[in-house]
Amino acid sequence: MIYSTPGVIKMPRKARQKSSTGVYHIIKRGINRQDIFQDDEDKDIYLERLSEYKEQCKFKLYAYCLMSNHVHLLIKEEDIGLSEIMKKIGASYVYWYNSKYRRIGHLFQDRYKSEPIEDNDYLLTVVRYIHQNPVKIGHSIDHWTSYSDYLGGDGSRTDTEPILKLFGPERAAAKEKFIEYVNEPSSDKCLDISERKKITDAEGKAIVKKMGLPSVQELQLIDKSKRNKILKELKNAGLSIRQIERLSGVNRGVILKA
Numbered sequence: 349m350i351y352s353t354p355g356v357i358k359m360p361r362k363a364r365q366k367s368s369t370g371v372y373h374i375i376k377r378g379i380n381r382q383d384i385f386q387d388d389e390d391k392d393i394y395l396e397r398l399s400e401y402k403e404q405c406k407f408k409l410y411a412y413c414l415m416s417n418h419v420h421l422l423i424k425e426e427d428i429g430l431s432e433i434m435k436k437i438g439a440s441y442v443y444w445y446n447s448k449y450r451r452i453g454h455l456f457q458d459r460y461k462s463e464p465i466e467d468n469d470y471l472l473t474v475v476r477y478i479h480q481n482p483v484k485i486g487h488s489i490d491h492w493t494s495y496s497d498y499l500g501g502d503g504s505r506t507d508t509e510p511i512l513k514l515f516g517p518e519r520a521a522a523k524e525k526f527i528e529y530v531n532e533p534s535s536d537k538c539l540d541i542s543e544r545k546k547i548t549d550a551e552g553k554a555i556v557k558k559m560g561l562p563s564v565q566e567l568q569l570i571d572k573s574k575r576n577k578i579l580k581e582l583k584n585a586g587l588s589i590r591q592i593e594r595l596s597g598v599n600r601g602v603i604l605k606a
């Protein structure tokens, strides 16, 4: 324990586990579980930044998946450490995102989550797990994942060769085995985020009433300070930006800044 001030106990952060292989499964999520992508353009820009810093920092990228409020990455660090890589990618994207939506402040939760990958069996498990993330919420396996890079990419973003070689020396046959493996139903358990249950519109309206307003639409009429306090409460409760915008009529940019 670390005692910072009298009567206050500050627990130290748990040290990250180091990977002897340099390979990590990483999750970076939005602060307070907020969405970090509002539309496809946002995701395109994030992938551009990912490619840019992959070239600059010389790391290997084996898989990725972009979800609405978090990102899965499978990275092998080389000369530059993982923390520096994540810092560079995150700072560049947040600068662009804040400019687009006219907001200030943090977008990502301060600390990314990571787990070390120490053997090929678990490496393949994580590759499948990352690619199957969109399937869990009804999307296709190639919905903003690196899956399409394995089917026909040029290797500029995703380093597919090291993974495909684990399925055999002949590329065409290895690709077929990869497709079969990644698409087979599984109950893989890997690093993930704990999600709050989805908040219904009725529950959102009830929160607003508890805070003294007769309806959500009243948020358009009250003073800025009180409005932002309620908007923040709605976001912390788990309502999405789109949901709050739809219910209240308040501009998305205002909700993001609150």
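Take 349 as the starting number for the sequence shown in my numbering and just add one per residue. Even for Gly, the Cβ is constructed at its ideal location relative to N, Cα and C. From a predicted model like this one, the values you see are computed outputs, not experimental measurements.
**Item:** Candidates Leu569, Leu595, Leu579, Val598: closest to Gln382 by CA position
**Value:** Here residue 382 is taken as the residue at index 34 of the sequence shown, counted from 1. Cα-wise, what sits closest to Gln382 is Leu579.
**Message:** Spatial neighbours of Tyr460 within its chain, please: C-beta separation below 7 angstroms, excluding the five flanking residues on both sides.
**Reply:** In the sequence shown, counting from the first residue as 1, residue 460 sits at position 112. Ile374, Ile375, Lys376, Met434.
**Request:** Would you decide whether Ile485 is buried or exposed? Buried here means 16 or more other CB atoms lie within 10 Å of its CB.
**Result:** Numbered from 1 along the sequence shown, position 137 holds the residue referred to as residue 485. Label assigned to Ile485: exposed.
**Message:** On the CB-based measure, 16 or more other CB atoms within 10 Å of its CB, does Pro482 come out buried or exposed?
**Reply:** The residue you call residue 482 lines up with position 134 of the sequence shown. Buried, since its Cβ has 16 or more Cβ neighbours within 10 Å.
**Prompt:** Between the segment 457-471 and the segment 394-407, do three or more beta carbon pairs fall short of 8 angstroms?
**Reply:** no
**Message:** Can you tell me which residues form a DSSP beta bridge with Lys572?
**Reply:** Translated into the one-based positions of the sequence shown, residue 572 becomes position 224. Answer is none; Lys572 lacks a bridge partner.
**Asked** With respect to the beta strand (DSSP E) encompassing Leu414, which residues constitute its N-terminal and C-terminal limits?
**Response** Start at 1 with the first residue of the sequence shown, and residue 414 comes out as number 66. Counting along the chain, the beta strand (DSSP E) containing Leu414 begins and ends at 408-414.
**Item:** Ile547 (DSSP reduced to helix, strand or coil)
**Value:** Taking the first residue of the sequence shown as 1, we reach residue 547 at position 199. Note: Ile547 maps to coil in three-state DSSP.
**Request:** Give the DSSP-derived three-state secondary structure of Ser447 in the structure shown.
**Result:** Taking the sequence shown and counting its residues from 1, one reaches residue 447 at position 99. Reduced to three states, the DSSP call for Ser447 is helix.
**Request:** Check whether the Cβ atoms of Trp444 and Arg505 sit closer than 9 angstroms, and answer yes or no.
**Result:** To locate residue 444, count along the sequence shown from 1; it is residue 96. To locate residue 505, count along the sequence shown from 1; it is residue 157. Not in contact: Trp444 and Arg505 (Cβ atoms no closer than 9 angstroms).
**Asked** DSSP on Pro517, reduced to helix/strand/coil?
**Response** Mapped onto the sequence shown, residue 517 falls at position 169. Three-state result, Pro517: coil.
**Simplified DSSP assignment, three categories, for Pro510** = For the purposes of this step, residue 510 is taken as residue 162 along the sequence shown, with counting starting at 1. Three-state DSSP puts Pro510 in a helix.
**Message:** Quick check: the Cα distance between Pro517 and Thr508, rounded to an integer number of angstroms?
**Reply:** Translated into positions along the sequence shown, residue 517 becomes position 169. Translated into positions along the sequence shown, residue 508 becomes position 160. When rounded, the distance between both Cα atoms is 13 angstroms.
**Request:** Select from Glu400, Val474, Ser431 the residue whose C-alpha is nearest the C-alpha of Ser535.
**Result:** Here residue 535 corresponds to residue number 187 of the sequence shown, with the count starting at 1. Minimum Cα distance to Ser535 is reached at Val474.
**Message:** Strictly by DSSP, which residues pair up with Leu422?
**Reply:** Numbered from 1 along the sequence shown, position 74 holds the residue referred to as residue 422. In DSSP, Leu422 forms a bridge with His373, Ala411.
**Message:** Extract the residue ranges of the alpha helix (DSSP H) inside the segment 449-509, only unbroken runs of 4 or more that lie entirely within it.
**Reply:** 468-479, 495-500
**Asked** Is the shortest distance between the beta-carbon of Ala521 and the beta-carbons of chain B less than 9 angstroms?
**Response** Protein chains in the displayed structure number just one, and chain B is not present.
**Prompt:** In terms of alpha-carbon separation, which member of Ile465, Gly500, Met559 lies closest to Ala520?
**Reply:** Numbered from 1 along the sequence shown, position 172 holds the residue referred to as residue 520. Of the listed residues, the one whose Cα sits closest to Ala520 is Gly500.
**Message:** Quick check on the DSSP output: the alpha helix (DSSP H) that includes Ser596 runs from which residue to which?
**Reply:** Indexing the sequence shown from 1 puts residue 596 at position 248. Per DSSP, Ser596 belongs to the alpha helix (DSSP H) from 589-596.
**Item:** Assigned exposure category for Gly378 - 16 Cβ within 10 Å defines buried
**Value:** Walking along the sequence shown from the start, residue 378 turns up at place 30. Gly378 comes out buried.
**Asked** Do Glu426 and Gly370 have their CB atoms nearer than 9 angstroms?
**Response** Counting from one through the sequence shown, the residue named residue 426 turns up at place 78. Counting from one through the sequence shown, the residue named residue 370 turns up at place 22. Yes.
**Asked** Looking at Ser399 and the ligand MG, is the gap between the Cβ and the nearest heavy atom below 8 angstroms?
**Response** With respect to the ligand MG, the structure offers nothing, as it holds no ligand at all.
**Message:** DSSP three-state label for Gly378, please.
**Reply:** In the sequence shown, the residue the question calls residue 378 occupies position 30. In the structure shown, Gly378 sits in a strand (DSSP, three-state: E or B).
**Prompt:** Whose C-alpha, out of His491, Leu539, Ile423, Ser563, is nearest the C-alpha of Ala550?
**Reply:** Here residue 550 corresponds to residue number 202 of the sequence shown, with the count starting at 1. Ranking the options by Cα distance to Ala550, first place goes to Ser563.
**Request:** Rank Leu512, Val530, Lys366 by C-alpha distance to the C-alpha of Lys523 and give the top, closest one.
**Result:** Walking along the sequence shown from the start, residue 523 turns up at place 175. Ranking Leu512, Val530, Lys366 by Cα distance to Lys523 puts Leu512 first.
**Request:** Return yes when the Cβ of Lys577 is within less than 9 angstroms of the Cβ of Met559, no when it is not.
**Result:** Start at 1 with the first residue of the sequence shown, and residue 559 comes out as number 211. Start at 1 with the first residue of the sequence shown, and residue 577 comes out as number 229. Yes.
**Message:** Give me, in chain order, the residues of the same chain whose beta-carbon lies closer than 6 angstroms to that of Ile570; leave out the 5 immediate sequence neighbours on both sides.
**Reply:** By one-based count along the sequence shown, residue 570 stands at place 222. Closer than 6 angstroms at Cβ, skipping near neighbours: no residue.
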